[in-house]
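> Position one of the sequence shown corresponds to residue 24 (the working numbering), numbered consecutively onward.
All residues carry an ideal CB built from backbone N, CA and C; glycine is no exception.
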Amino acid sequence: MKLLALDTTAEGCSAALWTDGTLFERAIRSPRGHTQHLLPMIRELVEESGVALAALDALAFGRGPGSFTGLRIATGVVQGLAFGLDLPVVPVSSLAAVASRALRTGVAGEGDGIAVAFDARMSEVYWSCYCIREGRVQSTAQERVCPPDQVALSGDVSRWLGAGSGWNLVDQMPEPVRAAMLATHPDWYPLAADIATLAVTDWPDGPTVPAEQAAPVYVRDEITWKKLPGR
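What follows is the structure, given as structure tokens:
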């Protein structure tokens, strides 16, 4: 399995290339300039891994929720590559990617829950909950956007961890949610390494879409995605 993953949904810009169990990655924390960073990262990964783009089996990207501008950048690059290489695309939740980071780095283990929150601006957060079951990240709540004082935990877990920029608003969250947290990581953001890990874990049975159907998920209903001209 050879897969290239991209993420520009938050303040980080990252790319990762998975080839038969080995993961190569590039990441930079930069609120702006994702377009300038992303393509050089891809070239570096191709050179380091020795895997040509033409040898890839699929592409994956962080489909959101997250920064509207960032989502458009990753989606546009993935669409262009997928059209040019005739590859399927695996859209991966950016919230799930942060939960996967907890598992990948050993911060969370079997039976643990991860409550992921991103700062959505306008006094709201993007929110969802996950648990670790049989070594995999499983969703226990639907993704939503809401004020911090309306978040709630979901899932029968042994302990809870919080992750994502939304936890900078922890003082506005309900007391039961705050009290349940063993630890919080408000500096965590999605990484392409975790996008790749989730995409490969579900391959080939997970959801894939053709290039023209690769689109961001904003969660806020009023936002729409405009496909590439002529597609």
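Should Tyr212 and Glu34 be called a contact, given that it needs their Cβ atoms to be closer than 8 Å?
What you label residue 212 is simply residue 189 of the sequence shown in a count that begins at 1. What you label residue 34 is simply residue 11 of the sequence shown in a count that begins at 1. In this structure, Glu34 lies closer than 8 Å to Tyr212 by Cβ.
> Considering just the uninterrupted stretch of the beta strand (DSSP E) at Thr207, what are its terminal residues?
Within the sequence shown, the letter at position 184 stands for residue 207. Per DSSP, Thr207 belongs to the beta strand (DSSP E) from Met204 to His208.
> With a threshold of 16 other CB atoms inside 10 Å of the CB of Pro239, please say whether the residue is buried or exposed.
Here the question's residue 239 lines up with position 216 in the sequence shown. By the 10 Å Cβ count, Pro239 comes out buried.
> Hey, Trp41 and Val160 are a contact pair by Cβ (cut 8 Å); roughly how many whole angstroms apart?
On the sequence shown, position 18 is the one that residue 41 refers to. On the sequence shown, position 137 is the one that residue 160 refers to. Not really, about 16 Å apart at Cβ, beyond 8 Å.
> Among Val148, Val232 and Thr128, which residue has its Cα nearest to the Cα of Arg243?
For the purposes of this step, residue 243 is taken as the residue at position 220 of the sequence shown. The option with the nearest alpha carbon to Arg243 is Val148.
> Leaving out five residues on either side along the sequence, give the residues of the same chain with a beta carbon under 6 Å from the beta carbon of Met64.
For the purposes of this step, residue 64 is taken as the residue at position 41 of the sequence shown. Only Ala38 and Arg49 meet the Cβ criterion.
> To which residues does DSSP link Glu147 through a beta bridge?
What you label residue 147 is simply residue 124 of the sequence shown in a count that begins at 1. BP columns for Glu147 point to Arg144.
> Taking a contact to mean a Cβ-Cβ separation below 8 Å, would you say Phe47 touches Leu62 in this structure?
For the purposes of this step, residue 47 is taken as the residue at position 24 of the sequence shown. For the purposes of this step, residue 62 is taken as the residue at position 39 of the sequence shown. Contact: no.
> Given that a residue counts as buried once 16 or more other Cβ atoms are within 10 Å of its Cβ, and exposed if not, what is Thr92?
Locating residue 92 in the sequence shown gives position 69, where the first residue counts as 1. Thr92 should be labelled exposed.
> Could you please give the first and the last residue of the uninterrupted beta strand (DSSP E) stretch that includes Leu79?
The sequence position of residue 79 within the sequence shown is 56, counting from 1. Element bounds for Leu79: n/a, residue is neither H nor E.
> Within the chosen definition, does the stretch 136-155 reach the stretch 115-127 through at least 3 CB pairs nearer than 8 Å?
yes
> Using 8 Å as the threshold, is the C-beta distance between Gly229 and His208 below it?
Walking along the sequence shown from the start, residue 229 turns up at place 206. Walking along the sequence shown from the start, residue 208 turns up at place 185. For Gly229 and His208, no; Cβs fall outside 8 Å.
> To the nearest angstrom, report how far apart Leu108 and Gln173 are at their CA atoms.
As a working mapping, residue 108 is identified with position 85 in the sequence shown. As a working mapping, residue 173 is identified with position 150 in the sequence shown. Roughly 44 Å between the two C-alpha positions.
> Please classify Arg269 as buried or exposed, where buried requires at least 16 other C-beta atoms within 10 Å of its C-beta.
Outside the shown range of the chain, which is 24 to 254, sits residue 269, and nothing can be said about it.
> Suppose you measure from the CA of Leu29 to the CA of Gly134; what does that come to, to the nearest Å?
Position 6 of the sequence shown, counting from 1, holds the residue named residue 29. Position 111 of the sequence shown, counting from 1, holds the residue named residue 134. One alpha carbon belongs to Leu29, the other to Gly134, and they sit about 29 Å apart.
> For the candidate residues Cys169, Ser181 and Leu205, whose alpha-carbon lies nearest to that of Gln195?
As a position in the sequence shown, residue 195 is number 172, starting the count at 1. Comparing Cα positions, the closest option is Cys169.
> Do Thr31 and His57 have their C-beta atoms closer together than 8 Å?
For the purposes of this step, residue 31 is taken as residue 8 along the sequence shown, with counting starting at 1. For the purposes of this step, residue 57 is taken as residue 34 along the sequence shown, with counting starting at 1. Yes, they are a contact pair.
> Would you say Leu205 and Pro171 are within 8 Å of each other, going by their C-beta atoms?
Looking up residue 205 in the sequence shown gives position 182. Looking up residue 171 in the sequence shown gives position 148. Contact: no.
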